[in-house]
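What follows is a set of notes on a single structure, which appears directly below.
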Amino acid sequence: MSDRTPIIAGNWKMHRDHLEAIQLVQKLAYHLQEEDYEGQEIVVCPPFVALRSIQTLIQSDKLPISLGAQNCHPEDEGAFTGEISVPMLARLDVRYVICGPSERRALFAETDELIATKARAVQKHDLRPIVCVGEVKEEREAGKALDVVVDQLRGSLQGVSADDPDALVIAYEPVWAIGTGLTATPEDAQEMCAAIRTELAGIYDASTAEAIRIQYGGSVKPGNVRQLMGQPDIDGALVGGASLSSEDFALIVGHRR
Ligand code: PGA
């Protein structure tokens, strides 16, 4: 067993308005048991417009749940119509920011360079980036998955600090497994997460790499989470679809019961 504190995060993507968001978190809290909070971090990443409502709920009900944002702009402020800055997120008690998830890479043309810039901005304000990497199907079939992921990792971590290893989370999300119902086998996921850790040792150093948490993401469900989390280099899950059901997300978070 490693000393790394497992981290389970729900990425709601563009689902749930702020009222539905409150309900979802209330129901989640209802389904969770005290032991589920112990020794692991639970994060919810609702759309921006729900952050304030969830912040208030977490405060008033004293829920040991952290708030995450799905994106940010790297500048602190300025004429960037439609964008949200990290200081704004900090004021909402946001602790984690997802940087470079596959949809932003594919649909919004985010590059490794931009993702690294965002991750640095997140750290500058003492929030924590969850830096996402992952290969597409064709790359895996061509036997290039490892090279692609290592490349993304190097590019997306340019100048990103791991002085506090808890302040950086990596999410391995094979793109072909996202929202498709296809999951990487625990062995394949483990192989890639181990390779990521080796690469992290090169970028930082061995003991830092040992301490950084690596999540797996891609069709994580109550039925497969235990096997995935049982792998030595998988320290958490980044959950999309299944995090929209309070029952399913509670079962995922409660996988140790
Ligand atoms: P999924 O999404 O769980 O719906 O496959 C994963 C993700 O994109 O974080």
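If you're matching positions, the sequence shown starts at 155 in our numbering and goes up one per residue. Just so you know, even glycine gets a beta-carbon here, dropped at the ideal spot from N, CA and C. Quantities reported herein were computed from a predicted structural model and do not represent experimental measurements.
Item                                                                                                                                                                         : Value
Straight-line CA distance for V302 to F234?                                                                                                                                  : 31 angstroms
Taking 7 angstroms as the line, does the beta carbon of N165 fall inside it for any heavy atom of the ligand PGA?                                                            : yes
Between L173 and T352, what straight-line distance do the alpha-carbon atoms span, to the nearest angstrom?                                                                  : 43 angstroms
Report, in whole angstroms, the separation of the C-beta atoms of V248 and L221, which I expect to be a contact under 8 angstroms.                                           : 5 angstroms
Return the chain-ordered list of same chain residues with a C-beta closer than 6 angstroms to the C-beta of P160, the five sequence neighbours on each side being excluded.  : Q194, D389, G390
With a floor of 3 residues, list each beta strand (DSSP E) that falls wholly inside the stretch 295-348, ordered by position along the chain.                                : 323-326
Could you tell me the distance, in whole angstroms, from the CA atom of Y191 to the CA atom of P218?                                                                         : 7 angstroms
Do A273 and S310 count as a contact pair if the criterion is CB distance below 8 angstroms?                                                                                  : yes
Starting from S220, trace the beta strand (DSSP E) both ways and give me its first and last residue.                                                                         : 220-223
On the three-state DSSP scale, how would you describe E264?                                                                                                                  : coil
For A273, does the three-state DSSP call read helix, strand or coil?                                                                                                         : helix
Here's the rule: buried if 16 or more other CB atoms are within 10 angstroms of the residue's CB, otherwise exposed. What is Q369?                                           : buried
Where does G232 fall in DSSP's three states?                                                                                                                                 : coil
Any idea which residues DSSP pairs P283 with across the strands?                                                                                                             : V251
Out of G395, G371, N378, state which residue places its alpha-carbon closest to the alpha-carbon of G408.                                                                    : N378
Below 8 angstroms on the Cβ atoms is my contact criterion, and I expect R282 with V323 to pass it. Report the Cβ-Cβ distance as a whole number of Å.                         : 6 angstroms
Candidates R380, G384, H279, Q306: which alpha carbon is nearest D266's?                                                                                                     : Q306
Would C199 pass as a contact of I238 if the rule is Cβ separation under 8 angstroms?                                                                                         : no
Measure the Cβ-Cβ separation of K181 and S400 and say whether it is below 8 angstroms.                                                                                       : yes
Take the Cβ of M383 as the centre, count every other Cβ of all protein chains shown within 10 Å, and call the residue buried at 16 or more, exposed below.                   : buried
Near Q312, what residues of its chain come up, given a Cβ to Cβ distance below 6 angstroms and the 5 sequence neighbours on each side ignored?                               : A270
Please report the Cβ distance between I350 and R308, rounded to the nearest whole angstrom; I am assuming they are in contact, meaning their Cβ atoms lie under 8 angstroms. : Actually they do not touch by this definition, with Cβ atoms about 11 angstroms apart.
Skipping 5 residues on each side, what residues in its chain have a beta carbon closer than 7 angstroms to that of K355?                                                     : Correcting the residue identity first, residue 355 is Ala in this sequence and not Lys. Cβ within range, chain order: A363.
Thinking just about the alpha-carbon of each residue, which of A163, R170, L243 is nearest to the one in Q209?                                                               : L243
Can you give the Cα-Cα distance for K375 and D402, rounded to whole angstroms?                                                                                               : 7 angstroms
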